[in-house]
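Novice: In UniProt numbering, the protein residues as written are 1 to 391. Every residue, glycine too, gets a C-beta built ideally from N, C-alpha and C.
1) Assign residue 322 to one of three DSSP states: helix, strand, or coil.
2) So with Cβ pairs under 8 Å, would you call residue 132 a contact of chain B?
3) Assign residue 116 to one of two classes, buried (16 or more other C-beta atoms within 10 Å of its C-beta) or exposed (fewer than that).
4) Considering only residues of the same chain and omitting the five flanking positions on each side of residue 263, which have a CB-CB separation below 6 Å?
5) Taking the straight line between their C-alpha atoms, what separation do you get for residue 346 and residue 247?
6) Taking buried to mean at least 16 other C-beta atoms within 10 Å of its own C-beta, is residue 304 buried or exposed?
7) Using CA coordinates, which residue listed in 139, 168, 281, 253 is at the minimum distance from residue 194?
8) Run through DSSP, which three-state label would residue 150 get?
9) With burial defined as no fewer than 16 other Cβ atoms inside 10 Å of the residue's Cβ, what is the status of residue 231: buried or exposed?
10) Given 8 Å as the limit, is there contact between the segment 126-137 and the segment 166-184, that is, 3 or more CB pairs closer than that?
11) What residue does the alpha helix (DSSP H) around residue 361 start on, and which one ends it?
12) Compare the Cα-Cα distances from residue 173 to each of 153, 152, 376, 198 and report the closest residue.
13) Count the CB pairs spanning the segment 311-329 and the segment 268-277 that are closer than 8 Å, and state whether there are at least three.
14) Please work out which residues of its chain come closer than 7 Å, Cβ to Cβ, to residue 283, disregarding the five sequence neighbours upstream and downstream, and give them in chain order.
15) Identify whether residue 375 lies in helix, strand or coil by the three-state DSSP scheme.
16) Quick check on DSSP: helix, strand or coil for residue 113?
17) Return the first residue and the last residue of the alpha helix (DSSP H) that residue 174 is part of.
18) For residue 263, name the three-state secondary structure that DSSP assigns.
19) Taking DSSP as the reference, what is the three-state secondary structure of residue 27?
20) Grab the span of the beta strand (DSSP E) containing residue 160 for me, first residue to last.
21) Could you spell out where the beta strand (DSSP E) holding residue 207 opens and where it closes?
22) Considering just the uninterrupted stretch of the beta strand (DSSP E) at residue 367, what are its terminal residues?
23) By a C-beta neighbour count over all protein chains shown, 10 Å radius and 16 as the cutoff for buried, is residue 149 buried or exposed?
24) Any idea which residues DSSP pairs residue 132 with across the strands?
25) Among all the DSSP beta bridges, which residues are the ones paired with residue 268?
26) Is it right to say residue 223 is buried, meaning 16 or more other beta carbons lie within 10 angstroms of its own, or is it exposed?
27) Are the CB atoms of residue 126 and residue 211 within a distance shorter than 8 Å?
28) With distances taken between CB atoms, is the gap from residue 287 to residue 256 smaller than 8 Å?
29) For residue 140, does the three-state DSSP call read helix, strand or coil?
30) For residue 371 and residue 313, I'd like the C-alpha separation in whole angstroms.
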């Protein structure tokens with residue numbers, strides 16, 4: 001499935017040039033294969049019945065084009081919607097692309113160029129005339145996160161500010177697309193997935209506005225251990241977290257989506273007292289019909305098939321969840337973030353030898369195993385010392 005992104009420029013001062021229309025449309029195209037027609041897993045774990053709201057998952061159909069979007073199209077396109085047989089090329093386009101709007105805010109009578117490539121976080125400043133920043137929450141590899149007050153709704157929200165980099169921008173567009181997708185068929189918020197409220201481009205940065213949640217599982221467990229308070233992650237609470245995570249994964253997997261980065265940092269608590277959670281960060285997620293990336297999942301939660309370079313599917317999310325639940329129960333990472341051979345050795349020590357067929361088929365097997373499939377570890381420090389020895 002390909003994606004067509006409509007960029008709507010606001011406040012550009014070009015009203016007279018576009019006959020009074022304050023929106024200027026530009027098309028941006030990225031490739032994305034269609035997820036429809038793929039079977040989700042039935043054998044690896046129990047698939048619950050489809051949600052009642054899950055009408056056929058044709059998220060790319062004509063019904064997704066808003067009325068105002070149609071009005072912006074040319075007369076040929078409008079006629080096409082009335083008669084799909086008018087032009088095979090238009091019909092093919094309709095099948096391969098989806099459209100969503102991205103608001104772009106520019107100061108009037110100025111270009112969009114900003115001197116500062118890092119967006120400055122200023123308390124009490126208002127973003128895009130709507131979101132007042134009131135707390136800095138933290139940063140990640142390609143974003144900063146702040147708490148903000150929505151002046152229009154009166155609700156506090158989470159504002160994710162993407163770093164000014166094309167790769168980060170593209171990945172974040174994928175996250176927006178997937179959040180829109182999964183939220184659409186979960187109108188009652190039953191499946192424990194982060195809710196997307198808004199997104200826009202402001203001062204050369206992409207902003208993603210979502211519901212405001214509490215601490216992630218990693219941070220909260222660390223705080224709980226260091227505070228000396230009563231252990232929060234009791235067996236009943238771990239069971240509740242496991243059920244909610246499985247419900248979220250079943251929902252994603254039913255949509256032919258693999259999360260690809262499930263870890264404690266990407267599971268946030270919604271309520272401490274009720275032990276309610278939400279799964280976040282679909283930035284690394286993919287459809288089963290994608291060209292699957294060999295490098296997915298955080299190292300301590302990476303499944304054997306990903307490590308060995310084998311084809312993978314939704315089962316890798318179940319592996320990650322198992323690692324997370326073990327960590328919550330024991331208070332220790334099951335596979336500490338060391339070298340991959342050490343992680344593989346620990347896996348073998350816990351679950352037994354890796355299947356020979358997997359080893360024989362893995363694209364990355366030779367990095368960690370000899371020709372006889374004996375696991376080995378290269379000590380880079382010792383190699384460096386030998387290299388410096390005089391001959």
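Specialist: With the structure as the only source:
1) In the displayed model, residue 322 falls within a helix according to three-state DSSP.
2) Among the chains in the structure shown there is no chain B, since it carries only a single protein chain.
3) With fewer than 16 neighbouring CB atoms inside 10 Å of its own CB, residue 116 falls in the exposed class.
4) Contacts found: 298, 301.
5) Straight-line Cα distance between these residues: approximately 29 Å.
6) Within 10 angstroms of the beta-carbon of residue 304 lie 16 or more other beta-carbons, which makes it buried.
7) Per the Cα distances, 281.
8) Per DSSP, reduced to three states, the secondary structure at residue 150 is strand.
9) The residue in question, residue 231, is exposed, as its Cβ has fewer than 16 Cβ neighbours within 10 Å.
10) Touching, no, given that fewer than three Cβ pairs across the two stretches are closer than 8 Å.
11) First-last of the alpha helix (DSSP H) with residue 361: 356-361.
12) Distances from the CA of residue 173 to each of 153, 152, 376, 198 were compared; the closest alpha carbon is that of 198.
13) Put simply, the segment 311-329 does not touch the segment 268-277. Fewer than three CB pairs are less than 8 Å apart.
14) Answer for residue 283: 171, 172, 174, 175, listed in chain order.
15) The three-state reading of DSSP puts residue 375 in strand, counting E and B together.
16) In the structure shown, residue 113 sits in coil (DSSP, three-state: anything other than H, G, I, E or B).
17) Note, residue 174: alpha helix (DSSP H), 166-184.
18) Of the three classes helix, strand and coil, the one that applies to residue 263 here is coil, per DSSP.
19) Residue placement at residue 27 is poorly supported in this model, since its pLDDT is 40, which falls under 50; the coordinates still yield a value, given next. Here residue 27 sits in strand by DSSP.
20) Looking at the DSSP string, the run of the beta strand (DSSP E) that includes residue 160 is 156-162.
21) Under the DSSP assignment, residue 207 falls in the beta strand (DSSP E) whose first and last residues are 205-211.
22) From DSSP, residue 367 is part of no beta strand (DSSP E); its letter is neither H nor E.
23) Buried.
24) In DSSP, residue 132 forms a bridge with 126, 149.
25) Looking at the DSSP output, residue 268 bridges to 216, 278.
26) Residue 223 should be labelled exposed.
27) No.
28) Result yes, Cβ atoms of residue 287 and residue 256 sit closer than 8 Å.
29) Strand at residue 140.
30) For residue 371 and residue 313, the distance between alpha carbons rounds to 27 Å.
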